[in-house]
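Reviewing the structure listed below.
As structure tokens, this is what we get:
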């Protein structure tokens, strides 16, 4: 672009102001395109909001097409010692449950020793498995060997066991009489029993000295080493007279679809009731109402027109959005396979265009979960299924009505952007041309002014010579 250091200095003309005003005239089409671009961007943003609200409505409808929404169960227990949950496949019934024992891990402990004294050199070999009385059956987890030196104390032995990442944890507890090594299974259940065999450097496993004090092997060395404080055991519960076991305090699917969590033994049977849970369906219908109202509000704002102020929404008059709003409102009167509509279920359309819930009528509908499921979720004619055929079509990636509208707006914005660029280039060229033209004019006028001054001076000299 041409630049002048002091345009107009020769002619006295305010060239910059003249060019600036002419350029402003050239910019008017550009400003109009910029406003059109801004309006298109607002429409695109509004379409994004509409699509987001349609997606939320689709999610709410999806919940109402799932059988589990209407078949959810609740578990009620007569004792805080028994809790749990039931999935929708569980059969409503009342069960007599008694907790006979809770799952525990095996715990063994040593005799009291001086905390800082060495325990004796040798090796300890840990195996996991089951105890049946004094008989031990090792499992396939493999033996773990811990080497103990002549200077190791109880604390050193505990640290080595823990460092081996064994299924057993070790600690040292001081009880006033001395320090005791305590070993306990990390998990509960009969399968979490363990034995600890020893190879004592003094060669004698029955003398009560050296490393043999830390063995636990009633099968081979009865009465020697560590003492049993707690045997590994399963949880045992009786359900309607049938004994059921679990390695932990959770009993899953002993009753189909039911998980029981127990926390204490019970002296007698406890009634555990599996019943219908209408709250899931109630919340799903509430979500439908909420998301529909939110979408309707966005559509109303996008299509608004205030005759008094003559202000319009970003999509006012857009036939695609007007059609969308009308079709969504017609859907409210869609009947299910049994002829019932949302209004029959307690969901009503108010004069303000908002959905509201008649809790009394909805409660009556929820009381008959099977019929409600048919009305809303029947495979082809359920109300929610029919609605979803509309919303999923709107949301179809690339080919849905909302994506097509978005693509059209993005194309319009890109065309306007290119038009802006062309107009900006044209304005820049016009400014450059005008500055060049006025620069030449300035130079010409300056030359004429200089000639005029010269001629005037010559005439003055002539007149003086003539008068003299």
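Residue numbers (the working numbering): 5 to 472. Glycine included, each C-beta is placed from N, C-alpha and C at the ideal position. Just so it is clear, the structure is predicted and the values come from calculations on it, not from any experiment.
For residue i, which residues of its own chain have a beta-carbon under 6 angstroms away from its beta-carbon, when the five flanking residues on both sides are left out?
| i | result |
| --- | --- |
| residue 88 | 79, 263, 264, 265 |
| residue 461 | none |
| residue 288 | 67, 68, 73 |
| residue 456 | none |
| residue 129 | 147, 149, 201 |
| residue 32 | none |
| residue 159 | 176 |
Could you name the residues of the same chain whose beta carbon sits closer than 7 angstroms to that of residue i, not counting the 5 residues immediately before and after it, in chain order?
| i | result |
| --- | --- |
| residue 452 | none |
| residue 107 | 192, 193, 237, 238, 239, 250, 251, 252, 253 |
| residue 112 | 187, 220, 230, 231, 232, 233 |
| residue 511 | Because residue 511 is not part of the residues shown, which for the chain are 5 to 472, the question remains open. |
| residue 390 | 338 |
| residue 9 | Model confidence at residue 9 stands at a pLDDT of 46, short of 50, so the residue's coordinates are unreliable; what they give is reported in the following sentence. Within the same chain, residue 9 has no close Cβ partners at all. |
Could you tell me if residue i is buried or exposed, where buried requires 16 or more neighbouring beta carbons within 10 angstroms of its beta carbon?
| i | result |
| --- | --- |
| residue 337 | exposed |
| residue 102 | buried |
| residue 300 | buried |
| residue 470 | exposed |
| residue 55 | buried |
| residue 204 | buried |
| residue 216 | buried |
| residue 174 | buried |
| residue 241 | buried |
| residue 479 | Because the chain in this structure spans residues 5 to 472, residue 479 falls outside the shown range and cannot be described. |
| residue 429 | exposed |
| residue 306 | buried |
| residue 459 | exposed |
| residue 86 | buried |
| residue 278 | buried |
| residue 199 | buried |
Less than 8 angstroms between the CB atoms is what I'm expecting for residue i and residue j, so what's the real figure, rounded?
| i | j | result |
| --- | --- | --- |
| residue 94 | residue 122 | Incorrect: roughly 59 angstroms between the Cβ atoms, too far for contact. |
| residue 223 | residue 139 | 6 angstroms |
| residue 38 | residue 422 | Wrong, their Cβ atoms sit about 13 angstroms apart, outside the cutoff. |
| residue 553 | residue 100 | With the chain covering only 5 through 472, there is no way to say anything about residue 553. |
| residue 340 | residue 401 | Contact flag wrong, Cβ pair sits at about 29 angstroms. |
| residue 359 | residue 296 | 5 angstroms |
| residue 206 | residue 124 | 7 angstroms |
| residue 316 | residue 309 | 5 angstroms |
| residue 304 | residue 357 | 7 angstroms |
| residue 431 | residue 34 | 6 angstroms |
With C-beta atoms as the reference, is residue i less than 8 angstroms away from residue j?
| i | j | result |
| --- | --- | --- |
| residue 219 | residue 201 | yes |
| residue 67 | residue 373 | no |
| residue 332 | residue 325 | no |
| residue 302 | residue 57 | yes |
| residue 379 | residue 334 | no |
| residue 62 | residue 393 | no |
| residue 349 | residue 366 | yes |
| residue 285 | residue 376 | yes |
| residue 150 | residue 164 | yes |
| residue 410 | residue 51 | yes |
| residue 293 | residue 351 | yes |
| residue 126 | residue 161 | no |
| residue 387 | residue 346 | yes |
| residue 243 | residue 258 | yes |
| residue 143 | residue 195 | yes |
Considering only the alpha carbon of each residue, which of the options lies closest to residue i?
| i | options | result |
| --- | --- | --- |
| residue 342 | 369, 152, 329, 352 | 369 |
| residue 114 | 230, 81, 90, 279 | 230 |
| residue 91 | 260, 34, 189 | 260 |
| residue 177 | 306, 206, 116, 444 | 116 |
| residue 157 | 255, 71, 214, 199 | 214 |
| residue 83 | 50, 420, 272, 52 | 272 |
| residue 371 | 316, 282, 398 | 282 |
| residue 44 | 399, 415, 267 | 415 |
| residue 145 | 159, 170, 127 | 170 |
| residue 406 | 355, 364, 448, 329 | 329 |
| residue 65 | 454, 413, 382 | 382 |
| residue 245 | 306, 313, 104 | 104 |
| residue 137 | 226, 179, 70 | 226 |
| residue 413 | 34, 436, 49, 35 | 49 |
| residue 267 | 36, 21, 81 | 81 |
Does any residue of chain D bring its CB to less than 8 angstroms from the CB of residue i?
| i | result |
| --- | --- |
| residue 262 | Going by chain labels, chain D is absent from the structure shown, which holds only one protein chain. |
Can you list, in chain order, the residues of its chain with a C-beta nearer than 8 angstroms to that of residue i? Leave out the 5 residues immediately preceding and following it.
| i | result |
| --- | --- |
| residue 197 | 110, 132, 133, 134, 135, 140, 189, 235, 236 |
| residue 208 | 214, 216 |
| residue 71 | 92, 377, 381 |
| residue 40 | 420 |
Mind checking whether the beta-carbon of residue i lies closer than 7 angstroms to any heavy atom of the ligand GDP?
| i | result |
| --- | --- |
| residue 314 | For the structure depicted, the ligand GDP is absent and the ligand set is empty, with no information on it obtainable. |
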